[in-house]
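To start, the structure under review is shown below, and the notes come after it.
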Amino acid sequence: MTLEAPRTSATQFDTDELVINMGPQHPSTHGVLRVVLKLDGERVIDADCVIGYIHRGIEKLSENRDWTQIILLTDRMDYVAAATNNLGYCQTVEKLMQIEVPRRARYIRTVLAELQRIASHCLWLGTHAMDIGAMTVLLYAFREREFVLDLFEEFCGARLTYNAMRIGGLPLDIPPGWDRKVLSFCDLMEGKLNDYETLLTNNRIWLKRTRGVGVIGGDEAIGLGLCGPPLRGSGVPRDVRKDEPYAAYDELEFNVPLGTRGDTYDRYLIRMDEFRESIRLIRQAVEGIPEGPIMGKVPRLIKPPAGETYHAIESPKGELGYFIVSDGKSTNPYRFRVRPPSFCNLQGLKRLVTGHLVADVVALIGTIDIVLGEVDR
Amino acid sequence: MLEITPLHYSLLSAALFMIGVIGVLVRRNVIIIFMSIELILNAVNINLIALSDQLQDLAGQVFVVFVIAVAAAEAAVGLGIIIAFYRNKETVNIDEIQIMRW
Amino acid sequence: MADETRSQAGKDGADRQPAAGVAGSAAPAAKREAGKKSAAPAKAPAAAAKPRPKPKPKAPPEPPKAPEDQAPPDGMEIPAMVAALQNGVSGAVLKVSFWVGDWTVIVAPDRLLDVMRFLRDDAATAFDYCSDVTAADWPPREKRFDVVYCLYSTRLRQRIRVKVRVGEEDPVESVTGLWPAADWLEREVFDQFGVNIVNHPNLRRILMPEQWQGHPQRKDYPLEGPGELLMENPQDWLRVRNLPDEAGPGPAADGEIE
Amino acid sequence: MAEAIVFWTLAVLILGLGIMVISARSAVHSVLFLVVNFLLVAVLYVMLNAEFVAVIQVLVYAGGIVVLYLFVVMLVSLKKAPERYADPRRVAWTGTLLAGAVLLEVVAIVVASSGGGEPAATEGALGAADTPFAECGAGPLVSCNTEQLGWVLYTSYLIPFEVASMLLLVAMIGAIVLAKRHL
Amino acid sequence: MMDTVVVPLLKIAVLLNAVLVAVTFLVLMERKVIAWAQSRLGPMRVGPYGILQAIADPIKLILKEDITPARADKYVFTLAPIMSLVPALVVFSVVPFGPDPFYYVSDINVGLLFVISVTSIGVYGIILGGWASNSKYPLLASLRASAQLISYEIAVTMTLVSVILTTGTLSLVGIVEAQREGGLWFAFVQPVALMLVFIGGLAETNRAPFDLPEAETELTGGFHTEYSGMRFSLFFLAEYANMIVISAVVVIMFFGGWLAPFPNVPALSFLGLVPAWIWFIGKIFLFLYVFIWIRATLPRYRYDQLMGLGWKVLIPIAIGNLVVTGILKVAL
């Protein structure tokens with residue numbers, strides 16, 4: 001591996017080329033991302049991402065909240081996948097405190113995480129297709145996302161920021177009949193996935209817009225720190241659920257879809273497959289939810305012993321890691337650090353867009369699936 | 001005054017021709033000079049069409065078709081030269097386009 | 001042009017901060033301006049009027065201590081990756097720690113790059129993936145920063161954390177040359193902590209606006225305050241807020257605001 | 001009468017726009033005036049019973065060539081404002097005088113040559129009569145200008161026509177070669 | 001006087017109003033059709049089933065503030081939408097809605113050339129609109145637009161030449177009459193030409209999947225980014241009027257204009273009971289529906305792919321079609 005970071009001074013653009021600002025108010029930057037593009041004609045020579053527009057200091061804030069309050073701050077990071085954020089945080093604290101989570105809670109957590117993955121991927125699919133101009137897919141995907149949100153609403157009362165988990169387990173048990181609804185949603189979703197694929201997968205224009213766009217090899221993707229579908233699209237078999245299993249993933253069967261060419265189309269196909277794998281996981285997990293308590297043995301005052309740990313889960317966007325330091329004395333974490341997958345994936349944008357056309361920039365922003373709430377925190 | 005004869009068209013043509021010549025001689029922006037040449041060609045065309053109508057001879061119109069074809073060719077090549085020149089010298093001022101190489 | 005818009009963004013960022021800080025709506029902007037000019041005594045009435053939630057002089061609050069980096073329990077087998085590192089780069093590893101399943105090596109800052117290169121290239125370690133670069137701030141300590149690198153090997157499926165302890169001015173070699181992934185992560189560490197990272201190709205602020213002063217994740221940085229003051233000079237803001245103490249900026253300033 | 005009104009209106013507009021073309025400060029404005037000028041000239045052609053040429057004038061001149069001009073003007077001023085002319089009056093007098101001389105000459109020729117001549121009533125050498133579309137002139141509305149023109153173009157003027165097409169081909173290749181950045 | 005001035009003026013007035021009203025309802029139709037394609041209802045609030053939305057939209061646009069950017073070229077900025085709309089409306093002067101002179105304003109012997117040349121003027125509105133805004137995105141969009149329109153114009157014109165070869169006339173009325181006499185719509189005689197003209201028409205009207213000049217996800221609205229209020233609505237009207245024009249051209253050239261289907265099949269003669277102009281308008285709306293349907297379904301081409309399609313696929317096919325048509329014409 002001879003990867004060296006490209007050495008360019010991104011702020012000093014020549015006057016000869018056209019420099020345009022994409023964002024922060026732009027319909028396809030998925031929030032307040034600003035990309036300063038240096039163009040030669042319509043070809044991108046250099047790109048510089050300017051982020052931080054919605055930096056709310058969640059890490060700093062969390063260091064001044066107690067351990068339970070932080071859960072609802074994590075909701076606000078990747079706000080389209082709040083449940084996985086909750087899950088990652090709770091598991092990190094559980095790891096720090098060595099709390100055993102009951103099996104029932106772990107299964108339900110798995111169901112929630114996978115439902116969340118479907119919802120997040122729905123949003124990704126819709127906006128990605130919209131960026132490339134297929135606007136009907138957006139409405140279809142959002143329609144199915146609503147079903148997931150309905151399920152979450154029935155489970156925890158919220159539709160976006162769920163606050164759905166607690167350190168040591170879950171705040172509430174699943175409502176009666178909820179599991180059957182989840183199963184019927186799985187059946188529905190499988191049919192709808194075929195609809196999406198009919199519209200896109202073999203569409204010539206879609207193929208032209210995504211094949212060979214933003215190609216990145218496996219080694220380079222690893223070096224750039226890509227994670228989640230962008231990494232797997234380059235053929236790297238890296239999935240935290242498989243490699244470092246958490247919740248109930250070690251007891252369930254699923255495949256990790258891998259790409260071969262590492263282009264936008266592969267990343268699309270992978271996410272479409274992940275939909276199916278998620279449905280498969282949900283089916284297994286719902287069928288297998290054991291009886292039992294939903295909360296482990298958690299002390300009344302949560303105060304982990306002094307120590308630090310890093311724990312990662314596979315969020316819909318990629319490896320979501322939490323690095324938490326406890327000083328063992330106060331009721332809040334001494335250091336709370338999130339390793340946001342969108343942040344690390346967005347870092348690869350510059351590499352992906354260089355040499356492509358402006359129109360591909362929006363396709364590539366779409367394909368790495370960022371949520372600015374998580375990038376900026 | 002009220003009866004329009006080919007003479008009127010010819011005079012109009014001559015006036016437009018003169019405007020074009022002034023443009024060529026006075027302006028320094030190469031693109032404007034090219035446009036003035038188009039004006040001159042149009043002046044000629046007006047004359048040709050008017051005489052074609054007067055003489056009931058289609059040859060005039062045929063010539064106009066050729067003139068338009070030549071004008072298209074001229075515009076394509078001329079503007080290509082301007083673009084190539086601008087790319088190298090960053091100017092379209094005729095006074096600065098006097099050297100034969102760059 | 002880029003800079004111009006950038007500064008615009010900075011102003012936006014300032015506006016986003018809750019301006020109604022401690023002095024409340026009673027303190028007009030003019031007074032804040034005055035306070036910014038470090039006319040400390042003149043500010044006394046304003047600060048005195050402010051009801052203080054807790055009396056301050058409750059003895060200096062004991063500065064938090066960093067966890068001890070527990071050594072692995074006796075008889076625990078040192079994994080191959082750590083052993084290889086200890087053999088491969090002799091003398092660089094100051095300490096090996098094991099806690100809740102995670103292995104951490106504490107490394108001498110000047111040997112950091114050697115260690116990292118070994119970790120990346122050696123067959124027994126093969127840490128080709130840089131998960132995270134972050135830091136923690138332990139103010140009273142001489143070497144106040146822990147800079148933490150979370151590495152992962154996609155081939156051997158193993159994790160390790162590398163930690164260096166550095167002071168405010170001590171240089172930390174950038175690992176961007178080894179893992180391009182570290183680029184933004186190190187920028188964030190620089191932005192949020194002010195760790196002196198050297199040889200980074202493009203060391204700029206990343207989350208905070210370009211002209212922001214101070215490093216928000218440091219423990220002596222206030223949790224809240226008027227945005228425009230924080231942006232330009234957080235230390236001034238601290239001084240205004242803690243007038244009776246006038247102890248200057250320090251870790252004591254934090255903590256009780258909530 | 002009606003013809004006179006239309007002619008004088010058109011003449012004034014054409015000349016006025018022509019002056020605007022060469023005097024406008026912004027090159028884009030020049031191009032705009034040029035377009036309108038060409039459209040009005042096309043109307044003049046219609047008055048002179050040359051519908052086909054009028055349509056070609058609009059299609060090729062206004063819709064093609066001038067768009068090209070506009071394109072170039074925009075490309076050139078994309079990076080830098082259109083340059084100012086250092087001192088337009090420096091040679092303006094000479095130019096205008098020269099042009100006036102040309103005008104005088106042209107007018108003299110025109111007046112002298114058309115002075116005695118009645119409109120030639122004789123059929124042109126290639127008039128409509130010897131085409132197979134002789135019946136075309138029948139309807140007042142439907143003239144067969146296009147057919148006649150086509151006939152003449154493809155018989156008597158076939159070789160010039162082919163030469164013109166070659167010219168266009170060469171110009172096209174030349175333009176591509178010139179404008180291409182890297183060969 | 002009556003016949004030469006008043007009647008044509010009346011026709012023009014009626015036609016203009018009809019086109020503009022049709023455009024407003026076309027917008028409503030587009031919103032409704034796309035909504036149905038996307039399992040939505042579309043506008044439902046104004047009037048029964050949202051029908052009056054067609055009136056509410058223009059009112060809203062007219063009442064909105066008409067903003068001119070500070071550094072824009074004010075005259076050109078105002079002129080551009082007009083230059084965009086006028087050609088689109090002028091074309092209707094030669095469109096025959098029925099067989100009698102009553103149904104069209106004029107029938108000129110170079111009708112088809114007139115249509116092509118006048119629509120080619122419409123590109124000025126787009127280029128100038130983008131340039132006068134003095135903003136980067138609109139400028140990029142307008143450069144795209146001019147290149148796109150000129151390229152596809154070549155393909156469309158060449159294709160239409162092959163149709164002219166079969167009819168022998170440039171008059172739009174004549175072309176429809178030729179289909180009546182031949183007893184066969186040219187869609188069956190020239191299917192390749194139909195496809196080319198339709199695709200080229202999509203591109204020339206900047207419709208999906210060729211809506212690059214106004215690709216909102218890339219260029220934030222394209223050449224009319226800086227426009228608002230009435231001037232924006234003129235661009236809007238022009239786009240939809242152009243859609244109607246292209247549909248009308250396709251119907252006239254390939255689907256027999258006002259003719260009922262299969263005019264020479266006696267068994268279907270009852271179709272002739274429906275007035276001719278209804279057939280014509282019905283066919284136009286069928287094509288407008290296809291325009292909208294395509295927009296709801298397909299993603300967008302990239303700019304270089306679009307130009308590649310125009311130059312490397314459509315123009316060669318058009319030339320090939322022309323050659324084949326010429327050979328057949330001579331041989332038969």
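Chains as they are written, first to last, in the working numbering: chain A, 1 to 377; chain B, 1 to 102; chain C, 1 to 258; chain D, 1 to 183; chain E, 1 to 332.
Every residue, glycine too, gets a C-beta built ideally from N, C-alpha and C.
Nothing here was measured: the structure is a model prediction, and the numbers come from that model.
Interface annotation, V164(C): not in contact with chain A, CB-CB separation never under 8 Å. Judged by DSSP in its simplified three-state form, I252(E) adopts helix.
In the DSSP secondary-structure assignment, I106(C) is bridged to K95(C) and K163(C).
The Cβ atoms of N85(A) and T74(A) lie closer than 8 Å to each other. Comparing C-alpha distances from G366(A) to each of R271(A), N163(A) and D66(A) shows the shortest one belongs to R271(A). Using a Cβ-Cβ cut-off of 8 Å, A47(A) does not count as an interface residue toward chain E, since no Cβ of chain E sits closer than that to its own.
Leaving aside the five residues that flank I246(E) on each side, the residues in its chain whose CB is nearer than 6 Å to its CB run, in chain order, G201 and T205.
Annotation: V236(A) to M208(C) spans about 33 Å, alpha carbon to alpha carbon. Separation of the CB atoms of C186(A) and N345(A) is rounded to 28 Å, and the pair is thereby denied contact status at 8 Å. Proximity of C344(A) to chain C, defined by a Cβ-Cβ separation below 8 Å, is satisfied. Rounded to whole angstroms, the Cβ separation of G88(A) and I313(A) is 4 Å, and the two are in contact under 8 Å. Within the DSSP bridge table, the entry for I19(B) names no partner.
With fewer than 16 other CB atoms across the displayed protein chains lying within 10 angstroms of its CB, N88(B) is exposed.
Out of C122(A), Q116(A) and K329(A), the CA that lies nearest to the CA of K192(A) is found in C122(A).
Taking A187(E) as the centre and dropping the five residues before and after it, the same chain places the C-beta of L194, F254 and F255 closer than 6 Å to its C-beta, in chain order.
By the criterion of a C-beta distance shorter than 6 Å, Y149(C) is surrounded in its chain by V133 and V162, once the five residues flanking it on both sides are discounted. Of all residues in the region 151–171 of chain D, only V152, L153, Y157, P160, A164, L167, L168 and A171 place a beta-carbon less than 7 Å from a beta-carbon of chain B. Where H311(A) is concerned, the enclosing beta strand (DSSP E) starts and stops at G307 to S315. Listed along chain B, the residues sitting closer than 9 Å to L15(D) by beta-carbon distance are L12, A15, L16 and I19. For D376(A), no beta strand (DSSP E) segment is defined; the enclosing uninterrupted segment is the alpha helix (DSSP H) at L372 to D376.
Taking a cut-off of 8 Å on C-beta distances, the region 129–142 of chain E touches the region 74–82 of chain E, as three or more cross pairs fall below it. Counting every other CB atom within 10 Å of its CB across the protein chains shown gives Y137(E) a total of 16 or more, marking it as buried.
Judged by their CB atoms, A247(A) and T110(A) are nearer to each other than the 8 Å cut-off. From the beta-carbon of I51(A), the residues of chain C found nearer than 8 Å are I206 and L207.
Residues of chain E whose Cβ lies closer than 8 Å to the Cβ of R143(A) are, in chain order, S39. Within the same chain, Cβ atoms closer than 6 Å to the Cβ of I67(E) are found at S228, the five residues on either side in sequence being excluded. Look at E153(A): its C-beta is not under 8 Å from any C-beta on chain C.
Here S131(C) carries a strand assignment [DSSP, helix/strand/coil]. With respect to chain C, the C-beta atom of Y249(A) has no partner C-beta closer than 8 Å.
R205(C) and H55(A) have their C-alpha atoms spaced approximately 12 Å apart. In this structure, the straight-line span from the alpha carbon of Y129(C) to that of P316(A) is close to 19 Å. Taking the Cα positions, I82(E) is about 29 Å away from N49(D).
When C-alpha distances from E168(C) are compared across R218(C), E77(C) and P180(C), the shortest belongs to R218(C).
Bounds of the alpha helix (DSSP H) holding S146(E) are K136 to T167. With the rule of 3 Cβ pairs closer than 8 Å, the region 195–208 of chain A counts as touching the region 136–144 of chain A. The C-beta distance from L112(A) to S326(A) rounds to 26 Å, too long to fall under 8 Å, and the pair is not in contact.
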